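K.L.:
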Amino acid sequence: MESKRVKKAVIPAAGLGTRFLPATKAMPKEMLPIVDKPTIQYIIEEAVESGIEDILIVTGKGKRAIEDHFDSVPELEQILIEKGKSEFLKLVEETTNINIHFIRQSKPMGLGHAVLQAKAFVGDEPFVVMLGDDIVQAETPCTRQLINQYEITNSSIIGVQPVSDEETQRYGIVDLSSSVSETLHKVKSFVEKPVPGTAPSNLAILGRYLFTPEIFKYLETQEPGAGNEIQLTDAITRLNEMQRVFAYEFNGKRYDVGEKLGFIRTTLEFALKREDLGDDVHKLMIELLENRLSLIEK
Ligand code: G1P
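Start counting the sequence shown at 21; every next residue gets the next number (this note's numbering).
1. On a CA-only basis, which of Glu187, Asn174, Ala224, Ser175 is nearest Ile193? Give me that one, please.
2. The alpha helix (DSSP H) spanning Leu76 covers which residue range?
3. CB of Leu17 to nearest heavy atom of the ligand G1P: below 7 Å?
4. Do the stretch 39-57 and the stretch 72-83 touch if we need at least three Cβ pairs shorter than 8 Å?
5. Between the beta-carbon of Ile334 and the beta-carbon of Lys28, is there less than 8 Å?
6. How would you call Gly164, buried or exposed, if buried means at least 16 neighbouring beta carbons within 10 angstroms?
7. Assign Ser314 to one of three DSSP states: helix, strand, or coil.
8. How should Asn260 be labelled, buried or exposed, when 16 other C-beta atoms within 10 angstroms of its C-beta is the threshold for buried?
9. Tell me whether Ile225 counts as near the ligand G1P, meaning its Cβ is closer than 7 Å to at least one heavy atom of that ligand.
10. Would you identify the three-state DSSP class for Gly192, choosing helix, strand or coil?
11. Return the chain-ordered list of same chain residues with a C-beta closer than 8 Å to the C-beta of Ala34, the five sequence neighbours on each side being excluded.
12. Roughly how many angstroms separate the alpha carbons of Glu202 and Asn271, rounded to a whole number?
13. Check whether the stretch 102-116 touches the stretch 210-227, taking contact to mean three or more Cβ pairs, one atom from each stretch, closer than 8 Å.
14. Relative to the C-alpha of Val142, which candidate in Val30, Leu109, Thr44, Asp88 has its C-alpha closest?
15. Considering only heavy atoms of the ligand G1P, does any lie closer than 7 Å to the CB of Glu113?
16. Just checking Asp153 against the ligand G1P - is the residue's beta carbon closer than 7 Å to any of the ligand's heavy atoms?
17. Between the Cα of Pro244 and those of Ala46, Gly130, Val156, spot the shortest distance and give me the residue it belongs to.
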């Protein structure tokens, strides 16, 4: 059977962002910039580069700035045209030529519940879910890699990568059944945030999913799980019992921008890679390190 084309993406962005308080008191965490670009824009760019045509962002209270960011700003564009600032104009326009839709999750009831809000938008098509806390830099965009696997298997594909033993408790972890290839695995079950020492493997779900529309059947009847929230991971386990779900070890470097140290690391690494900033940031880092070392030596 020929697989359907994957054209839609869902980005849950309803979380409260408590880890970044007070910055997130009045500003959505998805708008925090890595250097000069909001984190959610990296996700949207990956979607577009992967061939996605329509994106639904699931928002909540206090998330207006996300909608504004992807809207046009005629006054600003006019001023930039008049001042001949074409490079800035390009940056402003880049975020407005994409089909982005919004829906609100009225109560924060968990990731599974957020994805369920996309049911009418998705209809009877395969679709991807992309989490904003995970930015992936890869030669072939991560979402495109998942779509490529879907086109071979016609099945739901969950993006995974190994994490350390200490980190397994922060993620959805895969209990493998057997491997189809070095990177594609059949799965027994998925365990959300296992208690330390009980993780069935080190392969963690890292914010990229491709689902057949059948996932909604399970989300609709999903009971709350870990943290008393409706967990996407639990619905995937039930889907896998009826219809094969594969875990796919994607290629690329994944950055965790959902916690402070990961956010700082991402900012530094991205700044170092920038042509206009890299050398200066490099010098700055050496200077800061030398200052710190001399303080320690005293
Ligand atoms: C969510 C998912 C978890 C996944 C993680 C990836 O957890 O529930 O399965 O491994 O994203 O970042 P959260 O980070 O929202 O706690």
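The beta-carbon is built from N, C-alpha and C at its ideal position, and this holds for glycine as well. Remember, predicted model here, so these are calculated numbers, not experimental data.
P.N.:
On the basis of the supplied data:
1. Numbered from 1 along the sequence shown, position 173 holds the residue referred to as residue 193. With distances taken between Cα atoms, Ile193 lies closest to Ala224.
2. Here residue 76 refers to the residue found at position 56 when the sequence shown is read from its first residue. Segment 74-79 is the beta strand (DSSP E) holding Leu76; no alpha helix (DSSP H) there.
3. There is simply no residue 17 to check, as the chain begins at 21 and stops at 318 in what is shown.
4. yes
5. Lying before the first or after the last residue shown, residue 334 is absent from the chain, which here runs from 21 to 318.
6. Position 144 of the sequence shown holds residue 164. It should be pointed out that residue 164 corresponds to Arg in this sequence rather than to Gly. Buried, because 16 or more other Cβ atoms sit within 10 Å of the Cβ of Arg164.
7. Looking up residue 314 in the sequence shown gives position 294. Three-state result, Ser314: helix.
8. Working through the sequence shown from its first residue, we reach residue 260 at position 240. Buried, by the Cβ-count rule.
9. As a working mapping, residue 225 is identified with position 205 in the sequence shown. Yes - the ligand G1P has a heavy atom lying nearer than 7 Å to the Cβ of Ile225.
10. In the sequence shown, residue 192 corresponds to position 172, counting from 1. Three-state result, Gly192: strand.
11. For the purposes of this step, residue 34 is taken as residue 14 along the sequence shown, with counting starting at 1. Same-chain partners within the cutoff: Val78, Thr79, Gly80, Lys83, Arg124, Gln125, Pro128, Ala134.
12. As a first step, residue 202 is located in the sequence shown; it is residue number 182 there, counting from the start. As a first step, residue 271 is located in the sequence shown; it is residue number 251 there, counting from the start. So the alpha carbons of these two residues sit roughly 12 Å apart.
13. no
14. Taking the sequence shown and counting its residues from 1, the one referred to as residue 142 is at position 122. The option with the nearest alpha carbon to Val142 is Val30.
15. Here residue 113 refers to the residue found at position 93 of the sequence shown. False, no ligand heavy atom lies under 7 Å from that Cβ.
16. In the sequence shown, counting from the first residue as 1, residue 153 sits at position 133. Flag set: Cβ of Asp153 near the ligand G1P.
17. Indexing the sequence shown from 1 puts residue 244 at position 224. Of the listed residues, the one whose Cα sits closest to Pro244 is Gly130.
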